[in-house]
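Here the structure is laid out as structure tokens; the discussion comes afterwards.
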Amino acid sequence: MAPVRQPDAGASSAFVQLTETRRFAYAQGRFKFFASGLFSFSARFVKPMSRQDLIDELKEIVGDRYVLSAKEDVIVYEQDASILQAMPEIVALPADVQQVSAVVKAARRSGVPIVPRGSGTGLAGGAVPAEGGIVLSLARLDRILKIDLANRVAVVEPGVINLDITKAVAAQGFFYAPDPSSQAACSIGGNVANNSGGPHTLAYGVTTNHVLGVEVVLSDGEIVWLGAMVPDAPGYDLCGAFVGSEGTLGIVTKVAVRLMAQREAVSTLLAVFDDMDGATRTVVDITAAGIIPAALELMDQLSIEAVERGAPVGYPRDAAAVLLVEIEGVTEHTQRAMNLASALCARNGAREVKKAKDDHERELLWKGRKGAFGALGTITPNYYVQDGVVPRSQLPRIMRTVADIGKRYGLRIANVFHAGDGNLHPNILFDLRHPGELERVIEAGAAILRACVDAGGSITGEHGIGLEKKAYIGLLFNDQDLEAMARLRQSFDPERRLNPAKIFPSPAGCGELRVGPARMPAGLWI
Amino acid sequence: MHGSLDNLCARLEQVLGAGSVRRDPLSLKEHSVDGQAPSLICVPADAEQLGAALRIASEMEVAVIPWGGGTSMRLGNPPRAFDLALALERLNRVVEHDDVSLTATVQAGTKIAALQETLGRARQFLALDPPHPAHATVGGLVAANQSGPRRMAYGGVRDQVIGMKMILADGTPIKAGGKVVKNVAGYDLCKLFVGALGTLGIITEVTFKMAPIPESAATVLAQGSVGECLGFVSELLRSRLLPAEVAILNADAFEATGMATDTAAVAIWTEGFTEGVERHLRDIGRMAQGVGMAPEILRDRPHQHLWEKIRDFGAGENLFVYRLTVPLAAVARVLMTAERKDFLAAPLAALAFAGTGTIRLVTKPDAAPAAIFPKLLSLANEHGGHAVMEAGPPALKGAFDVWGPSPSTLSIMRELKRRFDPRGMLNPGRFLGNL
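For the protein sequence lines, the chains are A and B, in the order given. Under the working numbering, residues 1 to 526 are what the first sequence spells out, in order. Under the working numbering, residues 1001 to 1435 are what the second sequence spells out, in order.
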């Protein structure tokens, strides 16, 4: 499979300065907010004089081995799964909450920002150190601390990999519901920061619906619990406000998650359509009929093509779309719901409906979907994934709009997405070697986001705002809305020390910020 | 308050129009909170007028309490001051019901029963069941975080709210979230306003997820001792069945449903496709028999009636209502402790939602809270949960914080309150830590 990163992309030519794209992006958003000065951008690099002192202090806290400052060491941390890059100055890898707190205090004394980082699988540049400072990796806080099946709660450290929670409780008949497609690599701390979703969140909800409480290191180094081991803790729902705050309110060091009991029955079908309209209408009809599937996933012709070239699973190459429907519950429920869903597929012109007879067949139906992103490498050197959301009723229309945008910008777009949630993932295919193509890609991406907002939707369903989308947040929220969000930020982190330059629409970052092809380990994402 | 009442009244009428202000003694008395009547009631016609009223109130530093249907007004500490009741009764429109997308946007003053009726025409409903739906409003339900039965199946308020419009203390209108079920753009300010009792701003509009009205619904009711009920429920929760709610009622609570007996009972609500419901009724019935209980099946009116009683549990005047939230496995121990005659030395009606760990305990007005609340707080605390006094006679409420001891995060909450409501004019003193 072709690597997504260009082989020796020629460092300087591949790195496109953001200036042009930024100018375009901001033209779509609103400038007024910058004038308020609330989020005026300022790089706060470590001063050369104190740099060695800070490094020494950090080494004292976490040990020599766990402070990185040489370029060849920190380069691994310059990027997440987005296309944005900024070289960290110092990377610290604490081992426990006390060390995290001490690192935060040291950063505060030195006046430098801290950018928390989990597995680096984020797609919006949330872990990119745009204003310099310390990248604080939580990879070493990777223990499952408690599994309490009687109370259906697990307490884990932030570096624990999402899938490992389910693995730890599966034999006892439980699972952790939010399942980002990167779940074999992404960390639970990153999931909390981004309020991550996944294919199976349609029926079960996203991360925020499954987190009861978090232990957090605040910007002054204090360690507190937000939420509890039970819901409805008296006072403001600080845990609810924290989940999805992209590392700007605190650094999560423990997470109490809900565990769910595995369902008695799982039924899966794959329907093949000759036109995208039929597939999207089916999605609308299924939810409108009162069936809430566990998953309702769509792939278009280009994605099918990629899958069949990469790791073939037998999807018909001439199909315009395949729809995966998965229903969970007691047997009587899944049977009835499956029959209804199947009939709705047929009514909307599905030419074939395959029902999985057993787990093996079910895995086969999913295999293509799960491998789709990795397979895109077989049809394009680079791709850029968007994350718009529309009300479900708007799905047929928005998919036509996305196709039109592709034509208008002369770009191929492959769609693999969580149709049941109205959460689009248009993958814009391109070749970074073609001058000017990335700019067109970003313009097309912006056009898709605007279309989603016009349809009553959002600019991100599960990837977050990070650096990548902050220029577009003004499409959704006006200055007053953002100023209210800023009040929350200031209540937690008045010095804006934690993950600065994210979410809010200030200029994208310092002069050191570059754009490069995403380094995605093939096959994992979305 | 700065300035005179007449001045406030005149300014409000000037901006909002004649008839937007009420000050007749009967209305004022009806809008009392913990025995304190406001000096004035303002009834804005829309969100814009509500913003204008708040701007005036903020300039004059008036103590404001937002008023929906008045059904959750027993919640919270007695107000520090109460000049102006801001009634949302005229903000009562369903703005949009996108039935295909299963979402609805509703103005905050809309009554729950009226909303359910509108949604029902498209065979959908809002899966939240606050007490007294004919009076309770959307805004009140969200501000007071009143989930009601069926949380096990549908989640609580925080899980079903996807967007909001609010007016901040200085009159600034803001919004959060949106109309889509999945959305991570910016901070989730909705979470902050759910259960904030209107202390950060006044909610004017809420967008919710909808649920389809199930094809069939019924209840398995089994009577026995509290111990038998707990044994039965423990087995049920270990199974792969998916009830919509599991409620355990002790003898006093069960008696309050009007099904007069002197035993405790378990009520299990199941709903969905008919064949799924029948399967649940069959399996749950068998399970009850297996532990020596005699289950009966309630359908239609008896089913509805029982759950209405459960929904409205503790809603009488002058009663003390305590809410304990504990981990699931601790529900049994809390209920058994509450049954002990020597625990509180006061008759106690207890209702537990066993699938979510929410337990409500009700005592008579003569049971002094000073002897009871500390015991309940330590009982909940012992199991990693918490306790709140949800209602009590005003005269006996002021002695302690009804929200229990303040958490270590009180300083953050104070800072939030200060930044959203710097003059402390919204619901002053009623929230945790007298915020």
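Backbone N, C-alpha and C define an ideal beta-carbon position, used for all residues, glycine too.
Residue from the options with nearest C-alpha to residue i
{"i": "residue 367 of chain A", "options": "A/307, A/341, A/259 and A/386", "result": "A/307"}
{"i": "residue 1433 of chain B", "options": "B/1292, B/1351 and B/1196", "result": "B/1196"}
{"i": "residue 262 of chain A", "options": "B/1237, B/1395 and B/1111", "result": "B/1237"}
{"i": "residue 276 of chain A", "options": "A/457, A/351 and A/76", "result": "A/351"}
{"i": "residue 1390 of chain B", "options": "B/1009, B/1067, B/1045 and B/1075", "result": "B/1075"}
{"i": "residue 174 of chain A", "options": "A/165, A/478 and A/342", "result": "A/165"}
{"i": "residue 1402 of chain B", "options": "B/1393, B/1408 and B/1409", "result": "B/1393"}
{"i": "residue 1376 of chain B", "options": "B/1245, B/1334 and B/1364", "result": "B/1334"}
{"i": "residue 347 of chain A", "options": "A/285, A/357 and A/160", "result": "A/285"}
{"i": "residue 1137 of chain B", "options": "B/1023, B/1233 and B/1107", "result": "B/1107"}
{"i": "residue 1256 of chain B", "options": "B/1364, B/1194 and B/1239", "result": "B/1364"}
Buried versus exposed, by CB contacts within 10 Å (16 or more), residue i
{"i": "residue 387 of chain A", "result": "buried"}
{"i": "residue 1347 of chain B", "result": "exposed"}
{"i": "residue 324 of chain A", "result": "buried"}
{"i": "residue 1207 of chain B", "result": "buried"}
{"i": "residue 210 of chain A", "result": "buried"}
{"i": "residue 1378 of chain B", "result": "exposed"}
{"i": "residue 215 of chain A", "result": "buried"}
{"i": "residue 1437 of chain B", "result": "Nothing about residue 1437 of chain B can be reported from this structure: the residues present for chain B run from 1001 to 1435 only."}
{"i": "residue 491 of chain A", "result": "buried"}
{"i": "residue 526 of chain A", "result": "Annotation note: pLDDT 39 at residue 526 of chain A (below 50); position unreliable, no value reported."}
{"i": "residue 1019 of chain B", "result": "exposed"}
{"i": "residue 1408 of chain B", "result": "exposed"}
{"i": "residue 434 of chain A", "result": "exposed"}
{"i": "residue 1287 of chain B", "result": "buried"}
Closer than 7 Å to chain A by CB, residue i
{"i": "residue 1097 of chain B", "result": "no"}
{"i": "residue 1188 of chain B", "result": "yes"}
{"i": "residue 1337 of chain B", "result": "no"}
{"i": "residue 1184 of chain B", "result": "yes"}
{"i": "residue 1212 of chain B", "result": "yes"}
{"i": "residue 1100 of chain B", "result": "yes"}
Below-7 Å beta-carbon distance, residue i vs any chain B residue
{"i": "residue 26 of chain A", "result": "Because the pLDDT of residue 26 of chain A is 32, which lies under 50, any placement of that residue in the model is unreliable, and the question is left without a value."}
{"i": "residue 251 of chain A", "result": "no"}
{"i": "residue 421 of chain A", "result": "yes"}
{"i": "residue 134 of chain A", "result": "no"}
{"i": "residue 295 of chain A", "result": "no"}
{"i": "residue 230 of chain A", "result": "yes"}
{"i": "residue 30 of chain A", "result": "Annotation note: pLDDT 29 at residue 30 of chain A (below 50); position unreliable, coordinate value reported separately. No, because no Cβ of chain B sits closer than 7 Å to the Cβ of residue 30 of chain A."}
{"i": "residue 236 of chain A", "result": "yes"}
{"i": "residue 540 of chain A", "result": "Any answer about residue 540 of chain A is impossible in this case: the structure gives chain A only from 1 up to 526."}
{"i": "residue 209 of chain A", "result": "yes"}
{"i": "residue 60 of chain A", "result": "no"}
{"i": "residue 433 of chain A", "result": "no"}
CB of residue i within 7 Å of CB of residue j, strictly
{"i": "residue 193 of chain A", "j": "residue 257 of chain A", "result": "no"}
{"i": "residue 453 of chain A", "j": "residue 424 of chain A", "result": "no"}
{"i": "residue 1021 of chain B", "j": "residue 1042 of chain B", "result": "yes"}
{"i": "residue 1151 of chain B", "j": "residue 1213 of chain B", "result": "no"}
{"i": "residue 421 of chain A", "j": "residue 1181 of chain B", "result": "yes"}
{"i": "residue 505 of chain A", "j": "residue 459 of chain A", "result": "no"}
{"i": "residue 1038 of chain B", "j": "residue 1428 of chain B", "result": "no"}
{"i": "residue 233 of chain A", "j": "residue 204 of chain A", "result": "no"}
{"i": "residue 1284 of chain B", "j": "residue 1268 of chain B", "result": "yes"}
{"i": "residue 413 of chain A", "j": "residue 426 of chain A", "result": "yes"}
{"i": "residue 466 of chain A", "j": "residue 124 of chain A", "result": "yes"}
{"i": "residue 1068 of chain B", "j": "residue 1139 of chain B", "result": "yes"}
{"i": "residue 68 of chain A", "j": "residue 91 of chain A", "result": "yes"}
Got a sec: which bits of the segment 1150-1162 of chain B sit with their beta carbon under 7 Å from any beta carbon on chain A, in order along the chain? 1155, 1156, 1158 and 1159
Residues of the segment 1385-1411 of chain B whose Cβ lies closer than 8 Å to any Cβ of chain A, in chain order: 1385, 1386, 1388, 1403, 1404, 1406, 1407, 1408, 1409 and 1410
For the segment 1269-1288 of chain B, which residues have a CB atom closer than 7 Å to at least one CB atom of chain A, in sequence order? 1272, 1273, 1275, 1276 and 1279
Short of 7 Å Cβ to Cβ, which residues in the segment 1411-1422 of chain B face chain A? So the list reads 1412, 1413, 1415, 1416, 1419 and 1420, given in the order they occur along the chain.
Chain B contacts made by the segment 176-198 of chain A, where a contact means CB separation under 7 Å: Listed by position, the residues of the segment 176-198 of chain A near chain B (Cβ gap below 7 Å) are 194, 195 and 197.
Residues in the segment 444-473 of chain A having any Cβ partner in chain B nearer than 8 Å: 456, 457, 458, 459, 460, 461, 462, 463, 464, 465, 469 and 473
Within 9 Å of chain A by C-beta, residues of the segment 1310-1327 of chain B in sequence order: 1323, 1325, 1326 and 1327
Which residues of the segment 309-328 of chain A have a Cβ closer than 9 Å to any Cβ of chain B? Give them in chain order. none
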